[in-house]
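In the numbering used here, the protein residues as written are 29 to 1794.
One structure is given below, encoded as structure tokens.
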């Protein structure tokens, strides 16, 4: 609300509020204003003290309470609601004395807000009142009288939660025993309040008309009236009887008011309902007063009998019954026949108008209270009454509602029995009841199936039972005679309507079913109604009950209770004495009726083959299966059936008519082909079997039928019926367990399985019925026993198992149509059936086969996906049964043992590919997830233990792994080896099959991931063992060089299935795992050592934790292979002190060694390897120690020179000697890197001479590189050469001083020359003979160090090469032969599929490119005078290579739209193609840049003709990234320009592989920048001719990323240019991207301003005029146009364009005439002068201009004189 923050009126220092106003009023008048107080009426006012100034008068009311009480008087609903809730909370929390202070003021507020319009407020008020009561307790007593009236009304609130809260408060105040007393105490006040509400109040007096809307006022008034009426009723019910008399006068006063009686006709149903409830209470508690007011009560109640409102109806009918019972002369005040009965008839005839369940139970009490005087004539009255009841049943609503239909039927039979009982002996009424009411009623119900749901037949049976029992027990002969006569009449009439329904050829289906149901119910001796009846609806009769008792019995209390009196005893007495057998009064007529109907039905079946009558006969025989009925059915037929039957069957048929009927009639019916649903015929079979004397007879009959007569579908139905009914199963148990049926089913199984596998022609429907039969006999259990004999069950299972086992032999299509699917269904039902079936051996074999089929890939099983899904569900159901229903399954079931062994064999057989393993793991996952649900805690542990290999098996699998994994650790120096251990290679194995170790570790890891969900504990550190083996597998895969695709797929599959170390390590103890790995590493070394390093790195294990496991270093000595590898792996994680201790152990051991010791692991080789590992981590900073080790190695050379492999044949060298040489070479490389102290000349000589000698050995033994240690020797030799080259290449003036004299010159003149003279031919040899060109292949490992060394080769060394001549016939070249040989040899290597070779060749050729254009320059005179446009090819070797590369690139990128970025996978074949292509272009562009302007024009013309540049540009826009920004530049400040691939130079490193993903994008950007810089005119030409989409892409990308870079470089080059022009000055402005040139000659001054566009160099460079002195306008324009042309069409810089333009102007001033075609002295493209002169006009033209003139005009005339040009 506004106003709080506004400026107040001047002088008004306090805000206005009601408290302040009260205070001022008190000061002025001397009185204390207050709230209007409380009284029982509105005229009795009390006061609540105000907030200020009232403390001295009334300090009992707490200030918080005062505030809350004031809020309660507000009109806002939310305010009131919160205030009431706050009041309740305060009552609970405050002290009792404080709360008591509120009591004087509470009654009025309560009386007001308990009638509030908002129901939430009313509910909260009662809840708060309860809290107040609980706090003040008995102190509430003085205020009860003013509260109680409204309190009672609140308990009758129409909003149920509010009423419930009021009742809770009332019960909290008064226990049940005290409530009447409390009500009596306040009875006068209560009555006064309620009567005032009923008589005096109106909507306008209860609510303020000015503030409350009309609808709200009326709603409150109606609610108050309803609550007042109900409160009066509650008052009457709660008051003690002795207190009611004192209120009689007040009630009499109320009843004299006409306004009260009008409430019975009120439009609001809640008011009418409350009114009738009050009438019932008044009749019950003040009957005399009601009798006095009979003239008002009777019409008010009885004339409202047709009120059909669902709210009013229950109360109304209760009031009707109380009125009839209480007011004896009630019918004197109303006209029954004209007013009451017509209304009643209308209601009943209309089915109660939707209230049948309410109204109809009252009909019997109603008619029982009717005096005879108003029912005469009785016959007509009761006939009309019952007719109305029956008519009500025909309404649509009754038919669709079960409860209402049941209520009408129950009322009909109750009234019928009552009328019959009252008028027994009066024939007219008896006949009317049976003939005119009961029989037509039954007939109507038989025709309508919806009415049959209302339990009419049960009520009829109960009525008949009552009459029969009464006739049996009655002593009065006359009564008995009358009852028998009634029953006889009933059966005659019933027989007539039943015969009428059946005796039709096309009998009505509904009627036939109705007759069947009726007869079935009548056949039962006891009624089924008793459990379905409610007490309130059940009224029974007994003759012995007196009239007064009957009246009391039929009076219903206000709570809806019915006192059944002694009638219950009577009925129970009758029930106890009645036999379970039918009464003779029913048995004979019922049997006669059945026989009559059966005879009639069989006649229709025989004559007309009526299926409807046959079905009826089946139902009839099901309830009445007796020999008499079957004899009736046979009739006079004497057909002999014993011709082909055994003697006992024939004799049985002669004796038993049921068996005779079975053979004569039933078998024929069953075998009729056209009959699809024969279930009712099977019921007849069972009916016939019931008539056999014992089970042996039944067995004989059924076995005879099984062998000959019964078809499979009939057998199926017989068994289904047996399963559905225990009674039927008992009849056929012996037959089911017998041999005849078992053998037949076993034969059926053989037939189905064989047929299903052999033939795929038969349809599914042909087999489905028989498979269903098999499924039934296997899956159905009765009393935990199989349906058939167990031996036959096993035979069936065995056959199913055999069939499944053969499934692999068939194709997928054959399996799709075979019996496998049916077997799955049968097995699924079998496994889901009952406990114990899996303990049968054949069942477990079947389950195992199902599991195996699902655990193998489709390629092996040839099963379609749908069938595999079925198989999976089937075996999972079996395992589920195993887990949940068998105790200790692992010991009892062989399936788990067999499946574990099978799994173990599968993964150890090395026969699985990735897909097969994935399928196997998925199946195991499903299996273990089912097993995990078992209550057996050891089940999973036992199962995993069965699959777990023992130590020797693990060792065997590890040994079988190919050893190529060693390549990478050996190359990287992580491990050292001095023996050949490479046993196997992938080429010797099937490359698709996974090694057994990988499969086993993956399987067990998957099992552990599932099993550890249950927190199981494995013994003997099995979890750590499994994790260790998985780590072994993963490390093996990781360290493989050139990993095969299938192993990459294996690792990806493990990731997808979450089989990772991270997931497993969480579950294990890292310390225990680390200890296990240390033990294995110390014992075996190799991969185990690498795993330790990986584990420490990935888990960030501290140095102290590592040290705890390997204890003291002395434990590693003497050295073994395991100890050596362990130390090497631990070196990166050891502290400096620990490494120093290790070195201290090693150095003494290196001093005195024999030749044998030098080469052994526990000798020079091992200790030097440890020293190298420590040195490799940069932990040795002791220069003297390093020099000492070097001197020691020099001494080894002196003592054992034959150990050093200098210039020798390595085929004779032992692995031990190779190993020690490798370590020595490694030491020398590390020595150069880490030794900071200067070396003596002798030491340098030893290092460099040894290096060259080792390199010679490497070069001479290139054919042995396939031997791993020799390959490694070659690598480290090249590494040493590379390190030396780098050392001398990076020497500076500062470092040269520390070197011996002449060392640098010796290096350059001898050693460097020697290195490259060895390695360059070696590179050509290796690349020429290599088949496997992969960079990551171990066989090409030497390429990296070799190529890196070759990058240090100088130009002179290259030009002085001694490579064999390689010249190409017909190759156009100006180069000398030795240079052309070099180009022809090296250029093709740019296509070699090894990145190191490509980069090394690029670096070598890059050094040559600037020298090559000179050879073309020397021959330039031979170009330019041709008749066509001159062109000159760049080096032919590069261009022929480029042509091949373009074809390859077209295959890779040709289908990609320009602008769509392609990501090239590093080190792939495409990567090498693209890399070679881009490097070739870098070389061409470098060559182009080094050429002169004239040569560039010729080269660019050649590129235009071949369109090579266009192809390049299209490819570049497929390779350059959308955002060529360096990742680290994002972190830089925003005010700096970000680093991009265009601003940063690309450093192509051979060893660095981390940036490989960026090589191609960066290289593409570099080539694009060079192209734009060196060939701008050609790029501009391509851009302008490209399609619009490409045009926009190129423009947008170049403007955003390249133009600024090139513009800045161009401007900078102008500013820093040292080129001097005679007579011309050039200045540049970087901010505006402008270049200003001023040309001066004599008095002429020309100033030109060159403006670079924003998309430079794509856009046109604009030339603007500055100063112009002494030049004609036309000449000025020509010169500006010429400069613009030069800058646009020449491929060079701005400075070169200006130089060309100046040269042109100089020539003009020298007198050279312009070419009259291009109006320029110097040609704008090939920079030639006009040389071709016309013989007629003597004008000279450029050759290129003339050629273009002639070709475009198709004439050979002079452009000026038009004469023929000679």
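All C-beta atoms in this analysis are idealised placements derived from N, C-alpha and C, irrespective of residue type, glycine included.
Got a sec? Which residues, its chain only, sit under 8 Å from residue 1788 by beta carbon, not counting five neighbours each side?
1744, 1762, 1765 and 1767
Taking DSSP as the reference, what is the three-state secondary structure of residue 627?
helix
Compute the distance between the beta-carbons of residue 1251 and residue 1193, then report whether it is under 9 Å.
yes
So which of 960, 1101 and 1105 has the shortest CA-CA distance to residue 1041?
960
Helix, strand or coil for residue 238 per DSSP?
Residue 238: coil per DSSP, three-state reduction.
Where DSSP assigns a beta bridge to residue 1662, which residues make up the other side?
1657 and 1679
Determine whether the beta carbon atoms of residue 1422 and residue 1355 lie at a separation below 9 Å.
Cβ atoms of residue 1422 and residue 1355: closer than 9 Å.
Can you tell which of 1400, 1515 and 1502 has the C-alpha that lies nearest to the C-alpha of residue 1436?
1515
Can you check the region 1570-1621 for any alpha helix (DSSP H) of at least 4 residues that lies completely inside it and give the ranges in chain order?
Listed in chain order, the complete alpha helix (DSSP H) runs (minimum 4 residues) inside the region 1570-1621 are 1584-1602 and 1604-1613.
Provide the residue(s) that pair with residue 1768 in DSSP beta bridges, ordered along the chain.
Bridge partners of residue 1768: 1761.
Taking C-beta to C-beta, are residue 924 and residue 1035 nearer than 9 Å?
no
Of all the options 1089, 1149, 1083 and 1280, which has the alpha carbon lying nearest to the alpha carbon of residue 1113?
1149
Residues in its own chain within less than 6 Å of residue 1769 by CB, not counting five upstream and five downstream?
In the same chain as residue 1769, and ignoring 5 residues on each side of it, the C-beta atoms closer than 6 Å to its own belong to 1743, 1745, 1758 and 1760, in chain order.
Checking the sheet assignment: what are the DSSP bridge partners for residue 1693?
Among the bridge pairs identified by DSSP, residue 1693 is matched with 1676.
How would you write the range of the alpha helix (DSSP H) that residue 1441 sits in, first residue to last?
Element bounds for residue 1441: 1441-1446.
Measure the Cβ-Cβ separation of residue 208 and residue 268 and say whether it is below 9 Å.
yes
So, helix, strand or coil for residue 1553, using DSSP?
Strand, per DSSP.
Under a three-way DSSP split, which group does residue 1742 fall into?
coil
Assign residue 1780 to one of three DSSP states: helix, strand, or coil.
helix
Given a threshold of 16 other Cβ atoms within 10 Å of its Cβ, counted over all protein chains shown, does residue 894 qualify as buried or as exposed?
exposed
Taking the straight line between their C-alpha atoms, what separation do you get for residue 151 and residue 542?
Those two C-alpha atoms are separated by around 55 Å.
So residue 1303 and residue 999 are in contact, right, with Cβ under 8 Å, and what is the actual spacing, rounded?
The C-beta distance from residue 1303 to residue 999 rounds to 6 Å, short enough to fall under 8 Å.
By how many angstroms is the C-alpha of residue 720 removed from the C-alpha of residue 711?
15 Å
Can you check the region 870-935 for any alpha helix (DSSP H) of at least 4 residues that lies completely inside it and give the ranges in chain order?
886-889, 893-913 and 917-920
Which residue or residues does DSSP assign as beta-bridge partners of residue 1652?
According to DSSP, which records beta bridges pairwise, residue 1652 is partnered with 1649 and 1667.
So, residue 1244 versus residue 1007, is the Cβ gap smaller than 9 Å?
Their beta carbons are under 9 Å apart, which means residue 1244 touches residue 1007 by this criterion.
Please classify residue 1787: does DSSP put it in a helix, a strand, or coil?
Shown here, residue 1787 sits in coil according to DSSP, grouped into three states, outside any helix or strand.
Identify the continuous alpha helix (DSSP H) that holds residue 988 and give its terminal residues.
Premise fails: residue 988 is in no alpha helix (DSSP H) and is neither H nor E.
Mind checking which residues open and close the alpha helix (DSSP H) that includes residue 541?
537-551
When burial is assigned at 16 or more other CB atoms within 10 Å of the CB, is residue 462 buried or exposed?
The residue in question, residue 462, is buried, as its Cβ has 16 or more Cβ neighbours within 10 Å.
What is the residue span of the alpha helix (DSSP H) that residue 520 lies within?
505-530
Could you tell me the alpha carbon to alpha carbon distance between residue 312 and residue 292, rounded to whole angstroms?
18 Å
Taking contact to mean at least 3 C-beta pairs separated by less than 8 Å, is the region 224-232 in contact with the region 188-199?
no
To which residues of the same chain is residue 386 closer than 6 Å at the C-beta, ignoring the five residues directly before and after it?
341 and 342
Taking the CB atoms as reference points, tell me whether residue 629 and residue 618 lie closer together than 9 Å.
no
At which residue ranges does the region 1267-1304 contain complete alpha helix (DSSP H) runs of 4 or more residues, listed in the order of the chain?
1269-1288
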